[in-house]
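Colleague: Note that our numbering has the sequence shown beginning at 25, numbered continuously upward.
All residues carry an ideal CB built from backbone N, CA and C; glycine is no exception.
Quick caveat, the model's predicted, so the values are computed rather than measured.
Below is the structure I would like to discuss, written out as structure tokens.
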Amino acid sequence: MAESKQVIVKVKRQAGPKESALWEEFSLKWRPSMNVIICLRDIAENPVTRDGKKTTPISYDSNCLEEICGSCAMLINGRARMACSALVDKLEQPIRIEPMSKFPLVRDLTVDRQFMFESLKRVKAWIPIDGHTILAKGRACHPKFRKKAIRSRTALPAETAWRFARK
25 MAESKQVIVK VKRQAGPKES ALWEEFSLKW RPSMNVIICL RDIAENPVTR
75 DGKKTTPISY DSNCLEEICG SCAMLINGRA RMACSALVDK LEQPIRIEPM
125 SKFPLVRDLT VDRQFMFESL KRVKAWIPID GHTILAKGRA CHPKFRKKAI
175 RSRTALPAET AWRFARK
């Protein structure tokens with residue numbers, strides 16, 4: 025009988041910021057299109073190390089699973105990347121997973137990103153869209169294009185909005 029393909033994952037675990045770190049190794053059954061988040065979910069379903077020792081599920085963050093929000097960012101094989109887009113087939117094994125080193129550690133792979141969020145709020149790093157005004161160089165969108173922009177939820181090119189706002 026053919027032996028099924030295995031994925032070896034090494035996770036840096038730490039119960040808290042003041043606790044000592046240790047590495048745990050897990051062996052998972054390979055599946056097509058498997059990413060690191062799927063590996064972490066498989067470990068959560070059955071938290072048993074490669075040696076057969078029962079352990080606690082790994083603490084980690086994930087949200088959109090579409091490489092947009094960045095909440096699943098971690099060090100994967102020494103490189104900062106998002107776990108939702110890190111495909112197992114393209115990674116060198118064993119896959120080494122560590123928390124982001126630039127943020128304070130909470131537990132395992134979970135880090136405190138509060139400082140980053142406060143900084144984004146302080147500089148207002150977002151684009152306000154209220155459904156009626158498309159901000160382009162600080163001017164309102166011409167009514168002729170407003171419905172189309174609202175339907176598509178995209179901003180018009182700045183020069184288009186500027187040209188019609190001047191008339």
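Could you name the residues of the same chain whose beta carbon sits closer than 6 Å to that of L99, not counting the 5 residues immediately before and after it, in chain order?
Modeller: Cβ contact annotation for L99 (same chain, cutoff 6 Å, sequence separation greater than five): E122, in chain order.
Colleague: By alpha-carbon positions, which one of N101, D85, M106 and Q38 ends up nearest to I92?
Modeller: M106
Colleague: May I have the straight-line CA-CA distance separating Q138 from S28, to the nearest angstrom?
Modeller: 42 Å
Colleague: Helix, strand or coil, according to DSSP, for E43 in the structure here?
Modeller: In this structure, E43 counts as coil in the three-state DSSP scheme.
Colleague: Could you compute how far the alpha carbon of Q30 sits from the alpha carbon of W47?
Modeller: 19 Å
Colleague: According to DSSP, simplified to helix, strand and coil, what is R146?
Modeller: helix
Colleague: Taking only runs that begin and end inside the segment 77-119, name each unbroken beta strand (DSSP E) of 3 or more residues, in chain order.
Modeller: 97-100 and 103-106
Colleague: Assuming contact is defined by CB atoms lying nearer than 8 Å, are I67 and C96 in contact in what I supplied?
Modeller: no
Colleague: For the alpha helix (DSSP H) that contains R137, what are its first and last residues?
Modeller: Looking at the DSSP string, R137 is not in any alpha helix (DSSP H), and its letter there is neither H nor E.
Colleague: Report all residues from its chain with a CB closer than 8 Å to the CB of T134; omit the five preceding and five following residues, and keep chain order.
Modeller: Correct list, in chain order: S83, Y84, D85 and P123.
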